[in-house]
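In our numbering, the protein residues as written are 5 to 380.
Before any comments, here is the structure.
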């Protein structure tokens with residue numbers, strides 16, 4: 005099977021952000037995506053270019069265009085959110101986001117009426133119906149297909165650090181799960197989700213896709229829902245490991261870190277340097293440690309097996325990536341990661357709110373952060 009990789013501008017960036025539609029009175033999820041999307045449609049019924057449907061009708065996804073900087077992509081998302089509010093506010097629908105909703109029940113959620121979603125639920129049954137999950141996906145353009153797989157392998161030595169910084173799903177169905185990112189644990193139950201395979205040659209990836217297609221595991225490449233995957237149609241690497249950000253500031257932070265890491269590894273390849281790698285068992289262990297312990301996780305740094313507190317590694321990464329951020333025009337965005345290191349991640353704020361109040365108060369805090377555009 006030939007898997008063509010589209011031309012793409014080096015280190016161009018695009019961001020996708022999944023948002024929850026909440027009832028303004030109860031704080032529970034509203035099954036209102038069809039109504040909201042219809043309200044956004046143009047005079048000829050054409051859909052909004054930056055707001056899309058998702059698996060569940062309690063969800064919409066806002067997407068940026070192909071941008072040069074994270075700041076430009078974030079501005080696209082902010083405009084899309086403002087367009088959404090013009091429709092949702094009169095309907096008494098609030099917008100919020102996080103890796104999960106604190107108390108909503110998966111069994112009560114309706115699936116969007118599309119064949120691909122119906123097929124997913126029919127195949128995965130109970131686990132598919134648990135996918136009450138929200139994420140951020142960052143696409144970074146790769147100008148040469150030969151770079152894709154080495155950069156992906158290098159990113160797997162740092163993807164758990166991104167997951168810790170973005171962790172925002174400590175609650176599930178009204179319970180404190182004890183995990184910083186319960187979304188990470190739930191999503192990997194789908195048969196083609198979770199930690200990707202590490203291929204050394206593009207032909208090996210093509211053979212894998214051919215095998216999965218021939219045996220009916222997938223119908224299209226997009227059904228590979230790995231935490232990091234190539235997007236051949238767009239010519240990008242897509243990093244999907246992050247829980248949905250509760251606010252635009254933290255979205256800018258983790259997106260800038262992702263953007264800088266990809267460009268950093270691309271430059272290393274240009275300079276003939278060897279990229280870091282880690283065995284699959286270390287990568288899987290890091291994913292679990294990050295999901296469980298979040299900002300307190302002690303992660304395996306690379307194939308040597310050395311370990312380090314996630315916050316120490318990230319602090320060193322910020323220094324190393326400063327020149328990259330300057331080249332990419334995201335110095336201010338990358339600096340926002342420091343605030344997460346200093347003040348904590350979303351899951352920690354949610355747990356503090358729950359200690360003082362209840363899960364209704366947690367939902368209110370998510371709504372407030374979305375409106376404020378920053379952590380509160």
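For every residue, glycine included, the Cβ atom is placed at its ideal position computed from N, Cα and C.
Please read these numbers as outputs of a predicted model, since none were measured by experiment.
Given this structure, state the Cα-to-Cα distance separating residue i from residue j, to the nearest angstrom.
i           : j           : result
residue 41  : residue 288 : 38 Å
residue 64  : residue 36  : 9 Å
residue 222 : residue 156 : 21 Å
residue 312 : residue 184 : 18 Å
residue 38  : residue 93  : 15 Å
residue 242 : residue 139 : 12 Å
residue 181 : residue 175 : 6 Å
residue 192 : residue 198 : 4 Å
residue 357 : residue 9   : 46 Å
residue 124 : residue 19  : 24 Å
residue 116 : residue 158 : 36 Å
residue 16  : residue 361 : 43 Å
residue 90  : residue 368 : 20 Å
residue 152 : residue 76  : 24 Å
residue 302 : residue 338 : 22 Å
residue 118 : residue 52  : 18 Å
residue 88  : residue 79  : 14 Å
residue 50  : residue 84  : 15 Å
residue 204 : residue 277 : 16 Å
residue 359 : residue 255 : 25 Å
residue 217 : residue 299 : 38 Å
residue 345 : residue 315 : 6 Å
residue 391 : residue 127 : The first residue shown for the chain is 5 and the last is 380, placing residue 391 beyond what the model contains.
residue 382 : residue 281 : As shown, the chain starts at 5 and ends at 380. That puts residue 382 outside it, with no answer to give.
residue 319 : residue 72  : 25 Å
Identify whether residue i lies in helix, strand or coil by the three-state DSSP scheme.
i           : result
residue 287 : helix
residue 298 : helix
residue 24  : strand
residue 30  : coil
residue 316 : helix
residue 241 : strand
residue 334 : coil
residue 344 : helix
residue 146 : coil
residue 141 : strand
residue 165 : helix
residue 222 : coil
residue 116 : coil
residue 268 : helix
residue 324 : helix
residue 359 : helix
residue 364 : helix
Please confirm if residue i has its CB atom under 9 Å from at least one CB of chain D.
i           : result
residue 111 : Going by chain labels, chain D is absent from the structure shown, which holds only one protein chain.
Whose C-alpha, out of the options, is nearest the C-alpha of residue i?
i           : options               : result
residue 66  : 82, 5 and 35          : 82
residue 364 : 105, 22, 44 and 188   : 105
residue 142 : 126, 203, 70 and 174  : 70
residue 130 : 217, 195, 336 and 92  : 195
residue 11  : 368, 327 and 239      : 239
residue 251 : 272, 192, 269 and 351 : 351
residue 354 : 255, 173, 308 and 328 : 173
residue 271 : 343, 147, 118 and 216 : 147
residue 283 : 273, 307, 264 and 269 : 307
residue 165 : 279, 304 and 380      : 304
residue 279 : 43, 150, 154 and 26   : 154
residue 96  : 309, 25 and 49        : 25
residue 285 : 201, 295, 123 and 22  : 201
residue 68  : 126, 56, 249 and 137  : 56
residue 31  : 48, 107, 319 and 338  : 107
residue 267 : 281, 144 and 54       : 144
residue 6   : 13, 52, 213 and 84    : 213
residue 383 : 136, 170 and 247      : No answer is possible for residue 383: the residues shown for the chain start at 5 and end at 380.
residue 347 : 170, 162 and 73       : 170
residue 206 : 189, 235, 186 and 187 : 235
residue 186 : 28, 246 and 54        : 246
residue 160 : 379, 291 and 309      : 291
residue 179 : 380, 366 and 340      : 366
residue 324 : 190, 59, 269 and 244  : 269
Should the segment 100-114 be regarded as contacting the segment 215-232, the criterion being three or more beta carbon pairs within less than 8 Å? As far as the Cβ criterion goes, the segment 100-114 does not touch the segment 215-232, which means the pair count is below three.
Fully enclosed by the segment 69-105, which beta strand (DSSP E) runs are 3 residues long or longer? Within the segment 69-105, the complete beta strand (DSSP E) runs of at least 3 residues are 97-100.
Inter-stretch contact (C-beta, 8 Å, three-pair minimum) for the segment 90-110 and the segment 369-380: In short, these stretches touch, since the Cβ pair count reaches three.
Runs of 4 residues minimum, wholly inside the segment 170-207: which ones carry the alpha helix (DSSP H) assignment? Entirely contained in the segment 170-207, the alpha helix (DSSP H) runs reaching 4 residues are, in chain order, 186-191.
Three or more C-beta pairs under 8 Å: does that hold for the segment 257-268 against the segment 321-341? The segment 257-268, when compared against the segment 321-341, does touch it at the 8 Å Cβ threshold.
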